[in-house]
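Here the structure comes first, spelled out in structure tokens, and everything after it is commentary.
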Amino acid sequence: MNRRNHAITLLQATQESPTLARLAELATDSSARLKAVETLIPSSLRKAVKAGPIEGGVWCLILDNNAVAAKIRQLLPSMESHLRSKGWEVSAIRLKVQMSHSAG
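Numbering of the sequence shown is given in full-length UniProt numbering, commencing with residue 1 and proceeding in unit increments.
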């Protein structure tokens, strides 16, 4: 294995690794999707919603708590429709509540 003894930038690493390049592409796509639907999310909830992973046609939103999840769940049909109208292939949006590390 050929090891480097010098640091490289994240951009250089992603350009040299197809796996990292794909992950960077998915992260950028996920952020773009959230930006596209943020106007559909009540302003009081926007900080509690984060872009998550994309797996095939399923996009995941990471939420701060169950109350936010309940509200966002009601918006899923309009969010999915809006994303499709913008050209994204979205079969579903999955919600995941991020567990607090301070609980305990």
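The C-beta atom is built at its ideal place from N, Cα and C for all residues, glycine as well.
Exercise for the section: Thinking K71 and I62 are a contact (beta carbons under 8 Å), I'd like their distance in whole angstroms, please. Expected result: Incorrect: roughly 15 Å between the Cβ atoms, too far for contact.
For E55, three-class secondary structure by DSSP
Reduced to three states, the DSSP call for E55 is strand.
V97 lies in the beta strand (DSSP E); which residues open and close that run?
For V97, the enclosing beta strand (DSSP E) covers residues A92 to V97.
Handout entry: Within 8 Å, strictly: CB atoms of A21 and Q15
Key = A Cβ-Cβ contact shorter than 8 Å links A21 with Q15.
- request: Whole angstroms is fine: what's the gap from V97's alpha carbon to K86's?
  value: Distance between the alpha carbons of V97 and K86 is about 26 Å.
Q.
Using a Cβ-Cβ cutoff of less than 6 Å, which residues in the same chain neighbour S30 once the five nearest sequence positions on both sides are dropped?
A. Cβ-Cβ distances below 6 Å link S30 to A51 and I54 in the same chain, with the five nearest sequence neighbours on each side left out; the list follows chain order.
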